[in-house]
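Numbering (the working numbering) for the sequence shown: 1 to 85. Beta carbons: idealized from backbone N, C-alpha and C, even for Gly. Being a predicted model, the structure only gives us computed values, none of them experimental.
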Amino acid sequence: PGVRVDATVLSVHLAGPWPMPIDAWASDIGEFPDTLREVGRTGGAGAVIVAGDFNATADMAAFRRLLDEGFGDAGMDAGAGLART
């Protein structure tokens with residue numbers, strides 16, 4: 001209700017950093033900012049909403065880099081703290 005432009009919804013489930021080799025997770029999360037920018041460019045004027053499991057917390061430098069680049073964490077913004085996925 002009240003949304004005047006279409007939104008793009010992106011579902012994500014990055015590889016877990018454990019027990020798998022962390023290289024797959026590091027690659028996934030390292031490529032994700034470019035993926036988000038591409039979706040933003042091609043998705044039109046609406047918001048891009050990303051939901052899913054990043055297999056990461058704010059304790060992980062790669063996830064903090066996403067936040068430092070201007071992407072937001074709705075759970076953090078809402079003050080929800082850590083949540084199980």
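Checklist entry - R129 to T42, Cα distance in whole Å? => result Since the displayed the chain opens at 1 and closes at 85, residue 129 lies outside it and no answer follows.
Checklist entry - Ends of the beta strand (DSSP E) at T114? => result A query on residue 114 cannot be resolved here, the shown segment of the chain reaching from 1 to 85 and no further.
Checklist entry - When we look at the beta-carbon of V5 and count the other beta-carbons within 10 Å, is it buried (16 or more) or exposed? => result exposed
Item to check | D23 in three-state terms, based on DSSP | outcome: helix
Next on the checklist: I'd like to know whether the C-beta atoms of L14 and D28 end up nearer to each other than 9 Å.
Outcome noted: yes
Checklist entry - Helix, strand or coil for D53 per DSSP? => result strand
Checklist entry - Using the beta-carbon count (16 or more within 10 Å), is L36 buried or exposed? => result buried
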